[in-house]
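The UniProt record's numbering puts the first residue of the sequence shown at 1, with every later residue one more than the last. Even glycine gets a Cβ: it sits at the ideal position worked out from N, Cα and C. Computed from a predicted structure; not experimentally measured. See structure below.
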Amino acid sequence: MNPTLVAVRSGVQRGGIEVRQSLTSVQDLWNYLFPNLAFLAVMFFMGDATVPGTEFSLGARTLPSVLGGGLAFGSLVTMMMTLTVEREDGTLLRAKAIPNGMLGYLVGKVVQVSGMSLIGSAVLLFSGVFLVDGLALDSPAAWLTLLWVLALGLVACLPLGAIFGSLFANPRNVGVITLPIMGLVATSGIFYPLTTFPVWLQWIGQAFPVYWLGLGMRSALLPDEMAAVELGGSWRQLETFGVLGAWAVVGLVVAPIVLRRMARRESGSSVAARKEKAMQRVT
């Protein structure tokens, strides 16, 4: 059998095992589900707030936005944190020692992170349906749009998380990039329409996949008349597909290169040195 196919199959199996392990771990479930539960609380307390210029519920408008923004943030940060932690503890070094081990490892991480992110998104969506009114989930087109936006959004964001994660050897330094990602989510029209922001912030928001993932979710779950409050007065699904697709291509091309370079720098001595530094910080 083709060695690459063997590595991919092993990675899928490993990812499935890690998803099952996460579902039986209270700490893992809390880490994945707490942000979504917090978002549900925020939407509940929005009460009777409406989108400016309309009578439409701001909570209903926020739900699909949070689905997109949470999926992007979770994919980026979780993948980034996982890579840095497992680089420090030697997991990546062990994967490197196996033929095509890095490919299998990366596939496994993609399956695990995307699987748990989708489970968290499902909890948020189906719980939110009972908290807010106005969602349009009564047509096959809405579900089809939801599926392709989810799939393309994950492909656009997960490789970026892997790229960022490969840049840091110490998990404690991940906050350097986590805070800007949080700022990006806040300025991507997730919690409030992007049309209310200054023009220069609108351009920054549109340059990254977080805004387009939120917009794609809104196009799937909100009625057509809500497109009036978006930039250009439409859902811009073609542009959404194009931008997310472009980020996916960039990530899929760059991530393997960066990860291979990172793997080449890994050795038993470098892992031992990082563990020794960690022990010194503890003591």
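If you draw a straight line from the C-alpha of residue i to the C-alpha of residue j, how long is it?
i	j	result
W143	R87	38 Å
V229	P198	15 Å
L71	D138	23 Å
S188	N31	23 Å
G251	V77	15 Å
W203	P3	44 Å
F208	P256	21 Å
Q21	L158	20 Å
R261	M102	11 Å
M226	T54	9 Å
V26	I119	15 Å
Report all residues from its chain with a CB closer than 7 Å to the CB of residue i; omit the five preceding and five following residues, and keep chain order.
i	result
L83	A162, G165 and S166
V132	M43, S57, G59, A60 and L63
M116	V19, S22 and Y32
Run the CB neighbour count on residue i, radius 10 Å, all protein chains shown included, and call it buried at 16 or more, exposed below.
i	result
Q112	buried
G233	exposed
V155	buried
L215	buried
A141	exposed
A49	exposed
L238	exposed
P223	exposed
R236	buried
V176	exposed
A220	buried
Cutting at 6 Å between CB atoms, please list the residues of its own chain near residue i, excluding the five before and the five after it.
i	result
L152	L244
P193	V229
Practice item. Count the C-beta pairs between the stretch 109–126 and the stretch 32–52 that are closer than 8 Å, then say yes if the count reaches three, no if not. Key: yes
Check your understanding: Quick one: any contact between the stretch 99–111 and the stretch 13–20, if contact means 3 or more CB pairs under 8 Å?
Key -> yes
Check your understanding: Touch check for the stretch 199–210 and the stretch 133–150: three-plus C-beta pairs under 8 Å?
Key -> no
Practice item. Check whether the stretch 93–103 touches the stretch 233–248, counting contact only when three or more Cβ pairs, one atom from each stretch, lie closer than 8 Å. Key: no
Exercise for review: Pair every Cβ in the stretch 176–184 with every Cβ in the stretch 252–265, then say whether three or more of these pairs are closer than 8 Å.
Suggested key: no
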